[in-house]
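Engineer:
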């Protein structure tokens, strides 16, 4: 069901027959509720994301629906109480159960007449109508939060890095943030839509260059710089991360990403030292374990690298990262036996 139709069912306003297509049809179209959810969770490609945002700017029905959702949340807390955090399956089940309970309490003999008086003049919404839209409203909860509150810098960074690295990553070491595995590529082609996501993120996070920005925002920007694979941007990331460390923030994530920035400048031994400090503070921190082995490998500290790769393989939870580590260890074993 598209958003315009949901809005029509709830209020009797708008056009209920708009269909959403991915082409460039001049007909006004509204997205499905699941596309809003995909957008909020960063699962849309850059093109689809930009198209959806352009649609919201020009579609009064979709904006009114989100406003109505926010009003429902405030005026009917016993019906819909969405969290501002990502909605879990358990929350969906509980919210749906509440709606079904209300339906049972409603008068089934007057199904079409039963309604809930809304504060907005002229809008009457029955429990049955709410049930029809309940799951969609819950799904849109995340999106409503994004539009009313805006995504955090960490969210923007995570989404852009996930898009840019979904097919291949541009740097050999691992950035903090539990980023999914993708193969490392040394080739640098033209920027595609996914890579452009990093450029857009850099523009949105630019204010985090300032030392007055909070640590989490500055770390988010540094991660985006590192993910680009460009040495100049890695140098800018290193400046940010060194300022954070100088200010007393030597968290495992900051230490790891500072090590990644040093690795990008080929300062492998210095990088290995920071990775080792991160591992000392968080012994199971997989990004730092992987990077420590990789830095010692590139520094040609063979014994240390073998030990570190073996430790990572024993502790790694992701099979793809583990397989990459095994390949590195096999290369070391072959080269040392010759």
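Numbering (the numbering used here), first residue to last: 477 to 814. Backbone N, C-alpha and C fix where the C-beta goes; we use that ideal spot for every residue, glycine too. Being a predicted model, the structure only gives us computed values, none of them experimental.
#1: May I ask which residues mark the beginning and end of the alpha helix (DSSP H) holding residue 743?
#2: Straight-line CA distance for residue 629 to residue 686?
#3: Just to confirm, are residue 633 and residue 726 a CB contact at a threshold of 7 angstroms?
#4: Output needed for residue 744: all residues of its chain with C-beta closer than 6 angstroms, excluding positions within five of it in sequence on either side, in chain order.
#5: Helix, strand or coil for residue 660, going by three-state DSSP, please let me know.
#6: On the criterion of 16 or more Cβ atoms from any shown chain inside 10 Å, does residue 583 qualify as buried, or is it exposed?
#7: Give the range of the alpha helix (DSSP H) segment to which residue 789 is assigned.
#8: Grab me the residues of residue 738's own chain with a C-beta within less than 6 angstroms of its C-beta, minus the 5 sequence neighbours each way, in chain order.
#9: To the nearest angstrom, how far is it from the Cα of residue 531 to the Cα of residue 506?
#10: What are the boundary residues of the alpha helix (DSSP H) that includes residue 632?
#11: If we ignore side chains and look at the alpha-carbon of each, how far apart do residue 705 and residue 662 end up?
#12: Would you call residue 799 buried or exposed, if buried means 16 or more other Cβ atoms sit within 10 Å of its Cβ?
#13: When burial is assigned at 16 or more other CB atoms within 10 Å of the CB, is residue 756 buried or exposed?
#14: Name the DSSP beta bridge partners of residue 644, please?
#15: How should residue 723 be labelled, buried or exposed, when 16 other C-beta atoms within 10 angstroms of its C-beta is the threshold for buried?
#16: With H, G and I counted as helix, E and B as strand and the rest as coil, what does DSSP make of residue 699?
#17: Is residue 653 helix, strand or coil when you go by DSSP?
#18: Output the boundary residues of the alpha helix (DSSP H) element that contains residue 804.
#19: To the nearest angstrom, how far is the alpha carbon of residue 810 from that of residue 689?
#20: Distance check for residue 677 and residue 529, CA to CA, integer angstroms please.
#21: Would you call the CB atoms of residue 659 and residue 648 closer than 7 angstroms?
#22: Residues in the same chain with beta-carbon distance under 6 angstroms from residue 656, minus the five sequence neighbours each way, listed in chain order, please.
#23: Please list the terminal residues of the continuous alpha helix (DSSP H) segment that includes residue 767.
#24: Just the C-alpha distance for residue 646 and residue 640, rounded to the nearest angstrom, thanks.
#25: Helix, strand or coil for residue 535? Go by DSSP, reduced to three states.
#26: Beta carbon of residue 734, beta carbon of residue 750: below 7 angstroms?
#27: If you drop the 5 nearest sequence neighbours on each side, which residues of the same chain put their C-beta closer than 7 angstroms to that of residue 803?
Structural biologist: In brief:
#1: Counted as a single uninterrupted DSSP element, the stretch harbouring residue 743 is not any alpha helix (DSSP H), since DSSP gives it neither H nor E.
#2: So the alpha carbons of these two residues sit roughly 14 angstroms apart.
#3: Not closer than 7 angstroms, so no.
#4: Cβ neighbours of residue 744 beyond the five flanking positions: 771, 774, 775.
#5: Here residue 660 sits in strand by DSSP.
#6: In this prediction, residue 583 scores a pLDDT of 44, lower than 50, which makes its location untrustworthy; no coordinate-derived value is stated.
#7: According to the DSSP assignment, residue 789 belongs to the alpha helix (DSSP H) that extends over 778-791.
#8: Exclusion of the five residues before and after residue 738 leaves 746, 747 as the residues of its chain whose Cβ lies within less than 6 angstroms of its Cβ.
#9: For residue 531 and residue 506, the distance between alpha carbons rounds to 8 angstroms.
#10: First-last of the alpha helix (DSSP H) with residue 632: 629-640.
#11: Computed Cα separation, rounded: 9 angstroms.
#12: With fewer than 16 other Cβ atoms within 10 Å, it is exposed.
#13: Exposed.
#14: BP columns for residue 644 point to 659.
#15: In summary, residue 723 is exposed, with fewer than 16 beta-carbon neighbours lying within 10 Å of its beta-carbon over all protein chains present.
#16: DSSP places residue 699 in helix when its eight states are reduced to three.
#17: If DSSP states are grouped into helix, strand and coil, residue 653 belongs with coil.
#18: That run of the alpha helix (DSSP H) goes 795-813.
#19: Taking the straight line from one Cα to the other gives about 48 angstroms.
#20: Distance between the alpha carbons of residue 529 and residue 677: 15 angstroms.
#21: For residue 659 and residue 648, no; Cβs fall outside 7 angstroms.
#22: Result list for residue 656: empty, nothing under 6 angstroms.
#23: Element bounds for residue 767: 762-774.
#24: Their backbone Cα atoms lie some 9 angstroms apart in a straight line.
#25: It is coil, neither helix nor strand.
#26: Yes, the Cβ-Cβ distance between residue 734 and residue 750 is below 7 angstroms.
#27: Result list for residue 803: empty, nothing under 7 angstroms.
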